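Chemist:
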Amino acid sequence: MKNRINRLVSLREGAQKLPNGGGWKGEEIEKYKAFFESSLDIIIVTNLKGEILEVNKAFEEVVGYSSEEVIGKSYRIIMDDENANRAFEKYNEALRGGRGISGLEFEIITKSGDKVIVEGNMSLVREGDRVVGFLSVFRDITERKRAEEELRKSEEKYRSLVESTDDSIYLVDKGGRYLFMNQKHLSRLGLSLDEVVGRKYSEFHSEEETKEFLEKIKEVLRSGKSVRYEHKSRRDNRYYLRTLSPVKDEKGEIIAITVISKDITEIRQMKEELEAKNADLERFTYVVSHDLRSPLITIQGFVDLLRRDIEAGDKEKVEVDLQMIEKAVRKMGNLLTDTLKLSRIGRIVNPPEEVPFGDLVKEALEQTKGEIDRSNVEVLVAEDFPVVKVDSMRIVEVLVNLISNSIKFMGDNPNPRIEIGFRVEGGETVFFVRDNGMGIPKEQLERVFELFYKVDNKSEGTGAGLAIVKKIIEVHGGRIWIESEEGKGCTVYFTLPKK
Amino acid sequence: MKEEKKVAMGKPAVILLVEDDEAHAMLIMRTLENAGIANKIYWVNDGEEALDFLFHRGNYVDKEKSPRPDLILLDLRLPKVNGHEVLMKIKKSEELRDIPVVVLTTSEDEKDMIRAYKNYVNSYLVKPIDFCKFSEMVRELGFYWLLLNKHP
Numbered sequence: 001m002k003n004r005i006n007r008l009v010s011l012r013e014g015a016q017k018l019p020n021g022g023g024w025k026g027e028e029i030e031k032y033k034a035f036f037e038s039s040l041d042i043i044i045v046t047n048l049k050g051e052i053l054e055v056n057k058a059f060e061e062v063v064g065y066s067s068e069e070v071i072g073k074s075y076r077i078i079m080d081d082e083n084a085n086r087a088f089e090k091y092n093e094a095l096r097g098g099r100g101i102s103g104l105e106f107e108i109i110t111k112s113g114d115k116v117i118v119e120g121n122m123s124l125v126r127e128g129d130r131v132v133g134f135l136s137v138f139r140d141i142t143e144r145k146r147a148e149e150e151l152r153k154s155e156e157k158y159r160s161l162v163e164s165t166d167d168s169i170y171l172v173d174k175g176g177r178y179l180f181m182n183q184k185h186l187s188r189l190g191l192s193l194d195e196v197v198g199r200k201y202s203e204f205h206s207e208e209e210t211k212e213f214l215e216k217i218k219e220v221l222r223s224g225k226s227v228r229y230e231h232k233s234r235r236d237n238r239y240y241l242r243t244l245s246p247v248k249d250e251k252g253e254i255i256a257i258t259v260i261s262k263d264i265t266e267i268r269q270m271k272e273e274l275e276a277k278n279a280d281l282e283r284f285t286y287v288v289s290h291d292l293r294s295p296l297i298t299i300q301g302f303v304d305l306l307r308r309d310i311e312a313g314d315k316e317k318v319e320v321d322l323q324m325i326e327k328a329v330r331k332m333g334n335l336l337t338d339t340l341k342l343s344r345i346g347r348i349v350n351p352p353e354e355v356p357f358g359d360l361v362k363e364a365l366e367q368t369k370g371e372i373d374r375s376n377v378e379v380l381v382a383e384d385f386p387v388v389k390v391d392s393m394r395i396v397e398v399l400v401n402l403i404s405n406s407i408k409f410m411g412d413n414p415n416p417r418i419e420i421g422f423r424v425e426g427g428e429t430v431f432f433v434r435d436n437g438m439g440i441p442k443e444q445l446e447r448v449f450e451l452f453y454k455v456d457n458k459s460e461g462t463g464a465g466l467a468i469v470k471k472i473i474e475v476h477g478g479r480i481w482i483e484s485e486e487g488k489g490c491t492v493y494f495t496l497p498k499k
Numbered sequence: 500m501k502e503e504k505k506v507a508m509g510k511p512a513v514i515l516l517v518e519d520d521e522a523h524a525m526l527i528m529r530t531l532e533n534a535g536i537a538n539k540i541y542w543v544n545d546g547e548e549a550l551d552f553l554f555h556r557g558n559y560v561d562k563e564k565s566p567r568p569d570l571i572l573l574d575l576r577l578p579k580v581n582g583h584e585v586l587m588k589i590k591k592s593e594e595l596r597d598i599p600v601v602v603l604t605t606s607e608d609e610k611d612m613i614r615a616y617k618n619y620v621n622s623y624l625v626k627p628i629d630f631c632k633f634s635e636m637v638r639e640l641g642f643y644w645l646l647l648n649k650h651p
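Chains as they are written, first to last, in this note's numbering: chain S, 1 to 499; chain B, 500 to 651.
1. Residues of chain S with a CB under 8 angstroms from the CB of isoleucine 540(B): which are they?
2. Shorter than 8 angstroms from the beta carbon of methionine 332(S) to some beta carbon of chain B?
3. Determine the direct distance from the alpha carbon of glutamate 27(S) to that of glycine 21(S), and round the result to whole angstroms.
4. Measuring only between beta-carbons, confirm whether serine 606(B) sits less than 8 angstroms from chain S.
5. Are asparagine 538(B) and alanine 522(B) touching if we call contact CB-CB under 8 angstroms?
6. Considering only residues of the same chain and omitting the five flanking positions on each side of leucine 402(S), which have a CB-CB separation below 7 angstroms?
7. Cα separation between glycine 301(S) and glutamate 486(S)?
8. Beta carbons nearer than 7 angstroms to chain B: which residues of the region 274-290 of chain S have them?
9. In chain order, what are the residue ranges of uninterrupted beta strand (DSSP E) at least 3 long that sit wholly in the region 410-492 of chain S?
10. Can you tell me whether proline 497(S) is buried or exposed, with buried defined as 16 or more other CB within 10 angstroms of its CB?
11. According to DSSP, is glycine 103(S) part of a helix, a strand, or is it coil?
12. Below 8 angstroms between beta carbons is the criterion; list the residues of the region 525-556 of chain B that meet it against any residue of chain S, in chain order.
13. At what residues does the alpha helix (DSSP H) containing serine 187(S) begin and finish?
14. If I measure Cβ to Cβ from isoleucine 141(S) and keep anything under 6 angstroms in the same chain, skipping five residues before and after, which residues do I get?
15. Output the distance between the C-alpha atoms of isoleucine 482(S) and arginine 529(B), rounded to the nearest integer angstrom.
16. So phenylalanine 134(S) is in the beta strand (DSSP E); what residue range does that whole segment cover?
17. Taking glutamine 304(S) as the query, report the chain B residues whose CB atoms sit under 8 angstroms from its CB, ordered along the chain.
18. According to a CB-to-CB cut-off of less than 7 angstroms, which residues of the region 608-627 of chain B neighbour chain S?
19. Return no unless some Cβ of chain B is closer than 8 angstroms to the Cβ of leucine 335(S).
20. In chain order, what residues of the same chain lie with their CB nearer than 6 angstroms to the CB of threonine 243(S), ignoring the 5 residues before and after it?
21. Given that arginine 576(B) touches chain S, what residues does it touch there, using C-beta distances under 7 angstroms?
22. Taking C-beta pairs closer than 8 angstroms, name the residues in chain B that threonine 298(S) reaches, listed in chain order.
23. Within its chain, find whatever has a CB closer than 8 angstroms to the CB of phenylalanine 88(S); leave out the 5 residues flanking it on each side and keep chain order.
24. So is proline 568(B) buried or exposed if we call it buried at 16+ other beta carbons inside 10 Å?
25. Could you check if isoleucine 395(S) is buried or exposed, using at least 16 other CB atoms within 10 Å of its CB as the buried criterion?
26. For the region 432-448 of chain S, enumerate the residues whose C-beta is nearer than 8 angstroms to any C-beta of chain B, in chain order.
27. Give me the residue from Glu275(S), Glu107(S), Arg344(S) with the minimum Cα distance to isoleucine 77(S).
28. Spatial neighbours of proline 441(S) within its chain, please: CB distance less than 7 angstroms, with the 5 preceding and 5 following residues excluded, ordered by chain position.
29. Would the region 434-453 of chain S and the region 306-326 of chain S be scored as touching if the rule is three or more Cβ pairs under 8 angstroms?
30. Is valine 469(S) near the ligand GDP, going by C-beta to nearest heavy atom under 7 angstroms?
31. Taking 6 angstroms as the limit between beta carbons, can you name the residues of its chain near serine 634(B), skipping five residues before and five after?
32. For alanine 549(B), does the count of other Cβ atoms within 10 angstroms reach 16, so buried, or fall short, so exposed?
33. Do you know whose CA, among Phe385(S), Leu380(S), Ile345(S), Lys341(S), lies nearest valine 355(S)'s CA?
34. Drop a sphere of 10 angstroms on the beta-carbon of aspartate 520(B), count the other beta-carbons inside from all chains shown, and report buried for 16 or more, exposed for fewer.
35. Could you check where the beta strand (DSSP E) with arginine 242(S) kicks off and where it finishes?
36. What are the boundary residues of the alpha helix (DSSP H) that valine 329(S) is part of?
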């Protein structure tokens, strides 16, 4: 008890006279001593010089020093310079203002050197009309701070997860009202988060899209499971794979729905291309297996007949049998050659080069000179052809094919003529090879590009020519089509990439 | 064999063979001849000619040149008008639909087969590569449709 009075006496030393502004009276501290001792918060009483006069049990427990170790020492014993200086300023501020300060936060260094974060407030201690010291109450908030920091870090982690992705991610309530949206999706919509949150899906989408979306939400609510569907956006005409997943509260009740929307336009295109290629391949296999089988049946058949005809000594029939076998073998060889040719086109062998189209025509006419001369065909060639960027050899092959087709199907026109030219249509150059031959019946126009399709069964060749031509043009990224009127000739048109 | 020949002789059968492959046509005709089944085989090599023959058009206006066949052997991959279309037109015709049509093709494709049956084909046969089997098949189909099968 004597000790205590001494301390209060020391409190009076250097006491300052200040206007009355609340706070503690010296004797009250004494009065509430028991209460202070039982407090879970740290309580420190200092004089105006900052010397510690009193600490409670909670202080001893948290900071690690016994009261004997700190009483009479400066408050700086439990703080580093930065915190101590800040405390000094705050206490001066309190003195100047004549009232206590709340909302303080400091880092305290314990006896063992650990850091403890505390928050609290400070009141002035008065003796009569004079301020004689400070009473500070602090609460250890280290755990809370750490939890807050962890939460912040984990939020940061999830935020970066949501924001760094290329997918659109947003959260809607059960009525389709936006709760959150990531930057990726905001930039797609051209909006800011503030403009979106609280607004409805329907405000940014067409009626049709909204209907579909709400239907899918219903499905999620009904099943409690994720729902995935392909969506074509009216905004950019791209395809998105949307996954709607339920967000549940602790009771398992659905409270919101997350939407993750992935742009699958390219994947879809690739899939379509692949499907088209597969269909092509299937057709190809069908035709090849069918057409390669035919000569085999012929050979096998006539070998058998040949055996019988030899036995019977029928020389005439033997000769026919041999001819049929030879023909079939030749046909098979041609089919295989053409099939191989067709399969090679996919891989352009020569890199595309810029070349005047006229040069290619000249080369093709050179290669078909023999046929042209024999058939007495007049060839008209346009001038000032544009420059194209192509695999020259392949395009010459196309022209040779088309020219010899024209000659082959010239019919009995007394003035046979082939015209090679071009025209510009909608910014696109269309080349053509035109003849005034027998033409092709309308119902067969579609089929002429089919592999091994022959308009005239008696004509030479395997019927692969136009299939090869088409493939070459398509590999170049062009289109090819045919127009014809039976008896009046036909025109094959095609486009090629410009230089 | 004897009995069959007798029957065949009793009632000359007419076969229309629609086949674009000349060699195959020869093989089929020789097989049928050797078996002594058909007295008259008419061979056309595309779908359009087949229809001309059956409907007495073009080169076949003269009905003497194009008698009503007792059996039609039809290939599928044909120039001009393909086999499926020929089959469809036959089966749609009041006059022709009761003539048995046997598809004789190299196509084992299921789509072709299904389509042919949907168009009321009477039989669908795939040409085997082995000639013994091939000629046996042709012989048997001739016997079955022209001799065994009862027909109005």
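Positions of the beta carbon are idealized from the N, C-alpha and C atoms, including for glycine.
Fair warning: this is a prediction, and the values are worked out from it, not measured in the lab.
Modeler: By the coordinates alone:
1. What you label residue 540(B) is simply residue 41 of the second sequence in a count that begins at 1. In chain order: nothing, as chain S lies at least about 16 angstroms away.
2. Here residue 332(S) is taken as the residue at index 332 of the first sequence, counted from 1. Closer than 8 angstroms: no.
3. Residue 21(S) sits at position 21 when you count from the first residue of the first sequence. Residue 27(S) sits at position 27 when you count from the first residue of the first sequence. No answer about glycine 21(S) holds up, because its pLDDT of 49 lies below 50 and its placement is not dependable.
4. The residue labelled residue 606(B) in the question sits at position 107 within the second sequence. With 8 angstroms as the cut-off, serine 606(B) counts as an interface residue toward chain S.
5. Sequence index remark: in the second sequence, residue 538(B) carries index 39 (1-based). Sequence index remark: in the second sequence, residue 522(B) carries index 23 (1-based). No.
6. Locating residue 402(S) in the first sequence gives position 402, counting from the first residue. Correct list, in chain order: Val433, Val469, Val492.
7. Position 301 of the first sequence, counting from 1, holds the residue named residue 301(S). Position 486 of the first sequence, counting from 1, holds the residue named residue 486(S). Going by the C-alpha atoms only, they are around 38 angstroms apart.
8. Tyr286, His290
9. 417-425, 428-435, 480-485
10. Taking the first sequence and counting its residues from 1, the one referred to as residue 497(S) is at position 497. Exposed, since its Cβ has fewer than 16 Cβ neighbours within 10 Å.
11. Counting from 1 along the first sequence, the entry for residue 103(S) is found at position 103. Looking at glycine 103(S) - three-state DSSP - the assignment turns out to be strand.
12. Met525, Leu526, Arg529, Asn544, Asp545
13. Residue mapping note: residue 187(S) aligns to position 187 of the first sequence, counting from 1. Run containing serine 187(S): 183-189, per the alpha helix (DSSP H) assignment.
14. Start at 1 with the first residue of the first sequence, and residue 141(S) comes out as number 141. Correct list, in chain order: Ile117, Glu119.
15. Translated into positions along the first sequence, residue 482(S) becomes position 482. Translated into positions along the second sequence, residue 529(B) becomes position 30. Near 41 angstroms, if we compare the C-alpha coordinates of arginine 529(B) and isoleucine 482(S).
16. Taking the first residue of the first sequence as 1, we reach residue 134(S) at position 134. From DSSP, the beta strand (DSSP E) with phenylalanine 134(S) extends over 130-140.
17. For this step, residue 304(S) is matched to residue 304 along the first sequence. Glutamine is not the amino acid found at residue 304(S); the sequence shown has aspartate there. Within 8 angstroms Cβ-Cβ: Phe630, Cys631, Ser634.
18. Asp608, Lys626
19. Position 335 of the first sequence holds residue 335(S). Chain B, which has no Cβ nearer than 8 angstroms to the Cβ of leucine 335(S), makes this no.
20. Residue numbering aside, residue 243(S) sits at position 243 when the first sequence is read from its first letter. Excluding residues within five positions, the ones whose Cβ falls inside 6 angstroms are Ser226, Arg228, Ile260.
21. Numbered from its first residue, the second sequence carries residue 576(B) at position 77. In chain order: His290.
22. Counted from its first residue, the first sequence places residue 298(S) at position 298. Near threonine 298(S) (Cβ distances below 8 angstroms), the residues of chain B are Asp520, Ala522, His523, Leu526.
23. If you number the first sequence from 1, residue 88(S) lands on position 88. Contacts found: Gly50.
24. Here residue 568(B) corresponds to residue number 69 of the second sequence, with the count starting at 1. Proline 568(B) comes out buried.
25. Numbered from 1 along the first sequence, position 395 holds the residue referred to as residue 395(S). Its Cβ being crowded by 16 or more others within 10 Å, isoleucine 395(S) is buried.
26. Pro441, Glu443, Gln444
27. Position 77 of the first sequence holds residue 77(S). Per the Cα distances, Glu107(S).
28. Translated into the one-based positions of the first sequence, residue 441(S) becomes position 441. Excluding positions up to five away in sequence, the list reads Glu486.
29. no
30. As for the ligand GDP, it is missing from this structure, which has no ligand bound.
31. Counting from one through the second sequence, the residue named residue 634(B) turns up at place 135. The answer, listed in chain order, is Thr530.
32. Locating residue 549(B) in the second sequence gives position 50, where the first residue counts as 1. Buried.
33. In the first sequence, the residue the question calls residue 355(S) occupies position 355. Nearest of Phe385(S), Leu380(S), Ile345(S), Lys341(S) to valine 355(S), Cα basis: Phe385(S).
34. Taking the first residue of the second sequence as 1, we reach residue 520(B) at position 21. Buried, by the Cβ-count rule.
35. On the first sequence, position 242 is the one that residue 242(S) refers to. Start and end: 239-248.
36. Counted from its first residue, the first sequence places residue 329(S) at position 329. Segment 315-345, the alpha helix (DSSP H) holding valine 329(S).
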